[in-house]
Amino acid sequence: ELMARFFASPGRPATIVDQGHQRDIELHVETPPSDLEAVPAREQWRDIFDRLAELISEHRTTLIFVNTRSLSERVAKELTERLGEEAVASHHGSIAKGRRLYVEQCLKAGELRALVATASLELGIDIGAIDLVCQVGSPRSIATLLQRIGRSGHALGLRPHGRLFPTTRDELIECAALVRAVRAGRLDRISPLTAPLDVLAQQIVAECACKPWSEDALYSLMREAYPFAELSREYFDEIVTMLATGIGDGPGGSSPLIHRDRVNGMVRGRRGARLAALNNGGVIPEMGDYRVIAEPEDIPVGTVNEDFALESAAGDIFLLGSTSWRITRVERSTVRVVDAHGAPPTVPFWLGEAPGRTIELSE
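Taking the numbering used here, the leading residue of the sequence shown gets 1, the next gets one more, and so forth.
As structure tokens, this is what we get:
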């Protein structure tokens, strides 16, 4: 009912169609022979990688989900050593788009036995028939688990098959709770944000960039969206004032983006408002990543975290996109590399990746 109100917006009727169908999911928890501890031992990682390789060999196509990009690279490297370079690839948001599309097509065509991915493959991408989905570590939420396991058996009449691989005692408890929640048909609660003012500012700039608006009409328009149904006029006026006067004078400040005619109660976009709306829409912050460029062809390989780039030096070898790269030089916002031809690499790190556990799973 909450999502029906969210999508229909206030004052508009919505009809919920629920056939009561629930997919039958085959879900198992896999643990290494030795007891799990607070931190996984090297032998336990080896057992997990060996078991993953065994499952991949038993199925036509396997999708392996992990929670971080660095773990995606590590798992792909270990499985490549066991199954061959042409059998496994990694997929995450720091790999260049061209490379991601290529491995997606290889998986869809049956040319890859396994793909190790982060949330980059959870939604909206057609990757063909998947026989098995494995999750290394706890996905931290019921919805994420269902979404990921649901990538297998993705056709009418087929049953999803999934394996959970906890790496610590805490994750084992979480995985047991996840299996119980799935079998009970429970889901995570959805809690839409109420009147997010940063989004409101973006929408005001976007609307004013298209045409002039009366302030009253623009306020009414914003309140038609569910998150802003209870938006006060005071907050609306404060955001309009901020956009019309600019934000600060120093670094990080912003010049005015809209013109406000207080006499006639009208607002319209200033020069640059359209470009600002196009370039700054959304709420995902930029992380200051460095581009990785392969020489001599100047081919984009992906990105690495700024801290990792600054701590690296010429000659260092790291793993990205299941390939070892040797750094030739680190420039401003760019890391220049050449193929290291399989030399032993380090695994790059990205900050702020690990997901939080949902309240419903904790309960």
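C-beta: ideal position from N, C-alpha, C; glycine also.
Suppose you measure from the CA of residue 303 to the CA of residue 217; what does that come to, to the nearest Å?
43 Å
For residue 265 and residue 349, the rounded distance between their alpha carbons:
51 Å
Select from 74, 359, 241 the residue whose C-alpha is nearest the C-alpha of residue 46.
74
Contacts around residue 361, its chain only, beta-carbon distance under 8 Å, and the 5 residues preceding and following it disregarded
140, 141, 142, 174, 177, 178, 181, 188
Based on the DSSP secondary-structure assignment, which residues constitute the bridge partners of residue 330?
335
Please state the DSSP three-state secondary structure of residue 85.
coil
Would a C-beta distance cut-off of 9 Å place residue 62 and residue 133 closer than the cut-off?
yes
Could you give the residue range of the alpha helix (DSSP H) that holds residue 148?
142 to 149
Can you say whether residue 344 is buried or exposed, counting buried as having 16 or more other CB atoms within 10 angstroms of its CB?
exposed
Three or more C-beta pairs closer than 8 Å, one from the stretch 153 to 166 and one from the stretch 190 to 208: is that the case here?
no
Within 10 Å of its beta-carbon, does residue 263 have 16 or more other beta-carbons around it, so buried, or fewer, so exposed?
exposed
Beta strand (DSSP E) runs contained entirely in the stretch 188 to 272, provided each spans 3 or more residues
258 to 261, 266 to 269
Nonlocal neighbours in the same chain, by C-beta distance under 6 Å from residue 244, ignoring five residues either side
256, 258, 260
Out of curiosity, what's the CA-to-CA distance linking residue 315 and residue 292?
14 Å
Within the continuous alpha helix (DSSP H) that includes residue 103, where are the two ends?
97 to 108
Can you tell me whether residue 274 is helix, strand or coil according to DSSP?
helix
Is it true that the CB of residue 79 sits closer than 9 Å to the CB of residue 109?
no
Nearest-angstrom beta carbon gap, residue 290 and residue 333 [assumed within contact, 8 Å]:
6 Å
Would you mind reading off the limits of the beta strand (DSSP E) that contains residue 293?
290 to 294
How would you write the range of the alpha helix (DSSP H) that residue 361 sits in, first residue to last?
359 to 362
Report the three-state DSSP secondary structure of residue 317 (helix, strand or coil).
strand
Length of the line joining the Cα atoms of residue 326 and residue 341
9 Å
Going by beta carbon distance, what residues of the same chain come within less than 8 Å of residue 167, once the five residues before and after it are set aside?
36, 40, 44, 45, 48, 136, 137
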